[in-house]
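**Q** What follows is a single structure, and I will ask about it in a moment.
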Amino acid sequence: MSAQAPILFSTDADGIGTLTLNRPDQLNAFDMDMVDAWRAALESAEADERVKVIVVTGAGRAFCAGGDFAEMAKFSGMDSMARKDFLYRHVHRIALTLERMEKPVIAAINGAARGAGCDMALMCDIRIMASSATLAESYINIGLMAGDAGAWFLPRLIGTARALELFWTGRVVGAEEAERIGMVNRAVPDVQLLPATYELARTIASKSQQAVRFFRRAVYQSQTMALATHLDMVSSHMAVLEDTPEHRAGIAAFFDRNKK
């Protein structure tokens with residue numbers, strides 16, 4: 142991709158793919174081209190066997206300011222069905238692609254994440270946040286609601302009451318509070334954001350990838366399963382994993398250590 146591409150994607154020798162939102166002059170606010178490139182990059186990373194873990198971050202001083210206001214202004218000339226269709230055919234594809242994704246996705250929140258930008262971070266499996274970064278469900282300030290999946294993800298992370306407070310007030314949440322209430326996994330000093338994120342990504346990438354992917358399926362699918370159904374599913378996963386080279390090597394290494 143060229144330096145002007147709205148999304149940059151690269152892969153390192155450890156199998157870590159980095160997806161960078163690349164409209165820094167617009168605080169990485171997304172337009173249709175950026176959303177479509179974002180989805181395409183995720184799909185490409187999912188299909189690439191070299192990629193084990195995906196890190197999402199923003200170029201410049203923001204993670205993502207949400208929807209581009211110049212793009213949103215075009216909606217005033219559309220009818221309601223055309224507006225709904227834009228969300229369905231473009232913005233929603235990111236959430237649905239991430240739902241199907243089997244590889245871990247870590248958001249490195251390097252600056253402000255507002256509205257849909259906040260929600261895009263919530264869609265990732267894990268969030269590491271710079272101490273100077275901020276999050277806000279800011280839709281209410283312009284008379285809107287989350288049109289992507291914020292109202293689905295946020296209550297599952299922090300509970301219904303806290304989520305409604307943030308949706309109804311649009312207030313800004315700093316890194317310390319975000320960590321405390323569970324919006325992010327960890328808040329770190331700004332200079333440690335990428336080192337901490339890549340250290341975590343490399344740790345995950347070093348593990349059995351089939352086990353990592355089965356864990357992801359089990360955790361997310363369990364949210365809509367009865368216990369008995371979940372147990373039936375994970376017993377199948379366990380049975381399959383016991384045939385993998387990684388499991389057998391781990392058991393052999395355990396016995397070797399105990400012999401010494």
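Per the working numbering, the sequence shown starts with residue 142, numbered consecutively. The beta carbon of each residue, even a glycine, is placed where N, CA and C say it ideally should be.
Rounding to the nearest angstrom, what Cα-Cα distance links PRO296 and ASP266 in this structure?
**A** 15 Å
**Q** According to DSSP, is THR385 helix, strand or coil?
**A** coil
**Q** Please give me, in chain order, every unbroken run of the alpha helix (DSSP H) with length at least 4 that falls completely inside the segment 277-322.
**A** 291-299, 301-310, 316-322
**Q** Looking at C-alpha atoms only, which residue of LEU239, LEU228, VAL332 is the closest neighbour of ILE269?
**A** VAL332
**Q** Would a C-beta distance cut-off of 8 Å place ALA253 and PHE204 closer than the cut-off?
**A** yes
**Q** Is ASN399 buried or exposed, if buried means 16 or more other CB atoms sit within 10 Å of its CB?
**A** Classification for ASN399: exposed.
**Q** Along the chain, where does the alpha helix (DSSP H) containing GLY199 start, and where does it finish?
**A** Not the alpha helix (DSSP H): GLY199 falls in the beta strand (DSSP E), residues 194-199.
**Q** Helix or strand or just coil, what does DSSP make of GLY207?
**A** coil
**Q** Going by beta carbon distance, what residues of the same chain come within less than 6 Å of SER279, once the five residues before and after it are set aside?
**A** ARG255, GLY256, GLY311
**Q** Would you decide whether LEU237 is buried or exposed? Buried here means 16 or more other CB atoms lie within 10 Å of its CB.
**A** exposed
**Q** Taking the alpha helix (DSSP H) that SER221 belongs to, which residues open and close that run?
**A** 221-227
**Q** Please report the straight-line C-alpha distance between GLN145 and PRO165, rounded to a whole angstrom.
**A** For the pair GLN145 and PRO165, the Cα-to-Cα distance works out to about 10 Å.
**Q** For the segment 305-323 against the segment 207-222, are there 3 or more C-beta pairs whose distance is under 8 Å?
**A** As far as the Cβ criterion goes, the segment 305-323 does not touch the segment 207-222, which means the pair count is below three.
**Q** Is MET264 buried or exposed, if buried means 16 or more other CB atoms sit within 10 Å of its CB?
**A** buried
**Q** What residue range does the beta strand (DSSP E) around SER151 cover?
**A** Here the beta strand (DSSP E) through SER151 covers 148-152.
**Q** Contact between the segment 237-250 and the segment 178-197: three or more CB pairs below 8 Å?
**A** A contact exists between the segment 237-250 and the segment 178-197.
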